[in-house]
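Q: In the working numbering, the protein residues as written are 4 to 319.
Below you'll find the structure I mean.
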Ligand code: NAP
Ligand code: GLV
């Protein structure tokens, strides 16, 4: 009796396809890999999908898929598809390397603010020896992590280990040494009132869309700093700009936008107190991602339960 060849469909920009297909071929040479929009394939023959933001409606045309693997940690690109076939498990990308890179990014931008590095950059441009920008006191600079999941907990630990007081906010209470945990809507205002640098690493869901708005900024201490490395859909850009111009926020670092790429005429690009980066806080390592997807496929093949499966009701 012949065993059916298993197939994986990559749904990603065709120009980048090789980045993902090569490490999959290296780790699972028996898998037949098709690239959507490049290869001809029989939709009924596809077993697994690897993607990040598949075109809405595409997944429902694949009647026999057994699992969908996300190329990233955030899965809002899948849940935006109202026709996502919910009987098919959606597996998030979770890996310590991704969390570590996010922590590096958050620490880098918090320290640029905390140590007033932008002022020294300006002084250097002027060839001016200005010693008049003392760093803030580390013990008095409270870091608040918005979203204490796989990534948020690693970021919180990184700041704690640098000597900052750190708090975290999540739906459920956490027990992370040296980090005070706030949980749920009822404790959000107290968390915000004690946060000088807010790092947003929440998933984008119906509950969190637009959460970084003027009402929230008003609950932070005056002169707080915002770092958003989660999703552009969390932030209201005009509220960020007016909070900075009015002095409620001292500045912001934004890595994510809605839409992406950030349009050239967006005022965020040129605001002197906003740092913009093009969704690079942490890039998925293709080899690590391929291994994670292949490990998931092996679990399915051996009849074991998948890990890091998205809860469609929660939305993350
Ligand atoms: P995760 O493990 O699912 O953690 C999500 C955290 O958010 C959890 O602590 C969760 O609370 C909390 N949360 C969710 N909804 C909430 C709500 N309504 N109120 C309070 N807390 C809520 O996700 P992750 O792996 O850490 O990733 C987080 C996000 O980072 C991703 O969704 C993605 O958007 C973003 N990301 C961005 C980049 C980049 O390069 N910019 C790279 C990777 C990831 P509970 O723990 O109580 O469930
Ligand atoms: C990147 O944005 C991710 O969700 O991993």
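Backbone N, C-alpha and C define an ideal beta-carbon position, used for all residues, glycine too.
Computed from a prediction, not measured in an experiment: that's the story for all the values here.
Name the DSSP bridge partner or partners of residue 172?
A: Within the chain shown, numbered from 1, the residue matching residue 172 stands at position 169. The partner list for residue 172 (beta bridge, DSSP) reads 149 and 185.
Q: Report yes or no: do the stretch 10 to 23 and the stretch 36 to 43 share at least 3 C-beta pairs separated by less than 8 Å?
A: yes
Q: How many Å lie between residue 300 and residue 51 at the Cα?
A: For this step, residue 300 is matched to residue 297 along the chain shown. For this step, residue 51 is matched to residue 48 along the chain shown. Cα to Cα, the separation comes out at about 8 Å.
Q: Grouping DSSP H, G and I as helix and E and B as strand, with all else coil, what is residue 30?
A: Counting from one through the chain shown, the residue named residue 30 turns up at place 27. If DSSP states are grouped into helix, strand and coil, residue 30 belongs with the helices.
Q: Within 7 Å: the Cβ of residue 152 and any heavy atom of the ligand NAP?
A: Position 149 of the chain shown, counted from the start, is the residue given in the question as residue 152. Within the cutoff, so yes.
Q: Identify, in the order they occur along the chain, each residue of the same chain with its Cβ nearer than 6 Å to the Cβ of residue 151, setting aside the five sequence neighbours on each side.
A: On the chain shown, position 148 is the one that residue 151 refers to. Closer than 6 Å at Cβ, skipping near neighbours: 171, 173 and 177.
Q: Taking 7 Å as the line, does the beta carbon of residue 278 fall inside it for any heavy atom of the ligand NAP?
A: Translated into positions along the chain shown, residue 278 becomes position 275. It does not: the Cβ of residue 278 is nowhere closer than 7 Å to a heavy atom of the ligand NAP.
Q: Using 7 Å as the cut-off, classify the Cβ of residue 207 as near or not near the heavy atoms of the ligand NAP, replying yes or no.
A: Along the chain shown, read from residue 1 onward, the residue named residue 207 stands at position 204. Checking the Cβ of residue 207 against the ligand NAP gives yes.
Q: Can you say whether residue 23 is buried or exposed, counting buried as having 16 or more other CB atoms within 10 angstroms of its CB?
A: The sequence position of residue 23 within the chain shown is 20, counting from 1. Buried, because 16 or more other Cβ atoms sit within 10 Å of the Cβ of residue 23.
Q: Following a CB-centred definition, is residue 65 positioned closer than 7 Å to any heavy atom of the ligand GLV?
A: As a first step, residue 65 must be located in the chain shown, where it is residue number 62. No, the ligand GLV has no heavy atom inside 7 Å of this Cβ.
Q: To the nearest angstrom, how far is the alpha carbon of residue 197 from that of residue 249?
A: Stepping through the chain shown from its first residue, residue 197 is reached at position 194. Stepping through the chain shown from its first residue, residue 249 is reached at position 246. Distance between the alpha carbons of residue 197 and residue 249: 20 Å.
Q: Nearest-angstrom Cα distance between residue 256 and residue 147?
A: Within the chain shown, residue 256 is the residue found at index 253, counting from 1. Within the chain shown, residue 147 is the residue found at index 144, counting from 1. Using only the alpha carbons, I get a separation of about 15 Å.
Q: Residue 98 and residue 291: beta carbons closer than 8 Å?
A: Taking the first residue of the chain shown as 1, we reach residue 98 at position 95. Taking the first residue of the chain shown as 1, we reach residue 291 at position 288. Yes. Within cutoff.
Q: Are there 16 or more other CB atoms within 10 angstroms of the CB of residue 4, so buried, or fewer, so exposed?
A: The residue you call residue 4 lines up with position 1 of the chain shown. In this prediction, residue 4 scores a pLDDT of 48, lower than 50, which makes its location untrustworthy; no coordinate-derived value is stated.
Q: Pick helix, strand or coil for residue 241, following the three-state DSSP scheme.
A: As a first step, residue 241 must be located in the chain shown, where it is residue number 238. Reduced to three states, the DSSP call for residue 241 is helix.
Q: Pull the bridge partners of residue 252 from the DSSP assignment, please.
A: Working through the chain shown from its first residue, we reach residue 252 at position 249. Beta-bridge pairing links residue 252 to 227.
Q: What does DSSP give as the partner residue(s) for residue 276 in the beta ladder?
A: As a working note, residue 276 is residue 273 in the chain shown. Residue 276 is not bridged to any residue.
Q: Can you list, in chain order, the residues of its chain whose CB lies under 6 Å from that of residue 56, leaving out five sequence neighbours each side?
A: Here residue 56 refers to the residue found at position 53 when the chain shown is read from its first residue. Only 80 meet the Cβ criterion.
Q: From which residue to which residue does the beta strand (DSSP E) around residue 71 run?
A: For the purposes of this step, residue 71 is taken as residue 68 along the chain shown, with counting starting at 1. Looking at the DSSP string, the run of the beta strand (DSSP E) that includes residue 71 is 70 to 73.
Q: So what's residue 64 in DSSP terms, helix, strand or just coil?
A: For the purposes of this step, residue 64 is taken as residue 61 along the chain shown, with counting starting at 1. Of the three classes helix, strand and coil, the one that applies to residue 64 here is helix, per DSSP.
Q: In this structure, does DSSP put residue 54 in helix, strand or coil?
A: Position 51 of the chain shown, counted from the first residue, corresponds to residue 54. Here residue 54 sits in strand by DSSP.
Q: Out of curiosity, what's the CA-to-CA distance linking residue 261 and residue 73?
A: Translated into positions along the chain shown, residue 261 becomes position 258. Translated into positions along the chain shown, residue 73 becomes position 70. Computed Cα separation, rounded: 19 Å.
Q: Please report how far the alpha carbon of residue 109 lies from the alpha carbon of residue 247, in whole angstroms.
A: On the chain shown, residue 109 is found 106 positions in, with the first residue counted as 1. On the chain shown, residue 247 is found 244 positions in, with the first residue counted as 1. Straight-line Cα distance between these residues: approximately 19 Å.
Q: For residue 258, count neighbouring Cβ atoms within 10 angstroms of its own Cβ and tell me buried if that reaches 16, exposed if not.
A: The residue labelled residue 258 in the question sits at position 255 within the chain shown. By the 10 Å Cβ count, residue 258 comes out buried.
Q: In its own chain, which residues sit with a C-beta less than 7 Å from the C-beta of residue 159, not counting the 5 before and 5 after it?
A: Here residue 159 corresponds to residue number 156 of the chain shown, with the count starting at 1. Around residue 159: 148, 151, 169, 171, 179 and 182.
Q: Does at least one heavy atom of the ligand NAP sit under 7 Å from the Cβ of residue 101?
A: Here residue 101 corresponds to residue number 98 of the chain shown, with the count starting at 1. Within the cutoff, so yes.
Q: Straight-line CA distance for residue 318 to residue 46?
A: For the purposes of this step, residue 318 is taken as the residue at position 315 of the chain shown. For the purposes of this step, residue 46 is taken as the residue at position 43 of the chain shown. So the two alpha carbons sit approximately 27 Å from each other.
Q: Am I right that residue 251 and residue 285 are in contact with their C-beta atoms under 8 Å? What's the rounded C-beta distance?
A: Taking the first residue of the chain shown as position 1, residue 251 is located at position 248. Taking the first residue of the chain shown as position 1, residue 285 is located at position 282. 29 Å between Cβ atoms; not a contact.
Q: Among 78, 54, 59 and 133, which has the Cα closest to the Cα of residue 236?
A: Within the chain shown, the letter at position 233 stands for residue 236. Of the listed residues, the one whose Cα sits closest to residue 236 is 78.
Q: Exposed or buried, residue 325, counting other C-beta atoms within 10 Å across all chains shown (16 or more means buried)?
A: What the structure shows of the chain is the stretch from 4 to 319, and residue 325 is not part of that stretch, so it cannot be assessed.
Q: According to DSSP, residue 128 sits in a beta bridge with which residue or residues?
A: Sequence index remark: in the chain shown, residue 128 carries index 125 (1-based). Residue 128 pairs with nothing; no bridge assigned.
Q: Taking only the alpha-carbon atoms, compute the straight-line gap between residue 71 and residue 94 and give it to the nearest angstrom.
A: What you label residue 71 is simply residue 68 of the chain shown in a count that begins at 1. What you label residue 94 is simply residue 91 of the chain shown in a count that begins at 1. If you take the alpha carbons of residue 71 and residue 94, they lie about 6 Å apart.
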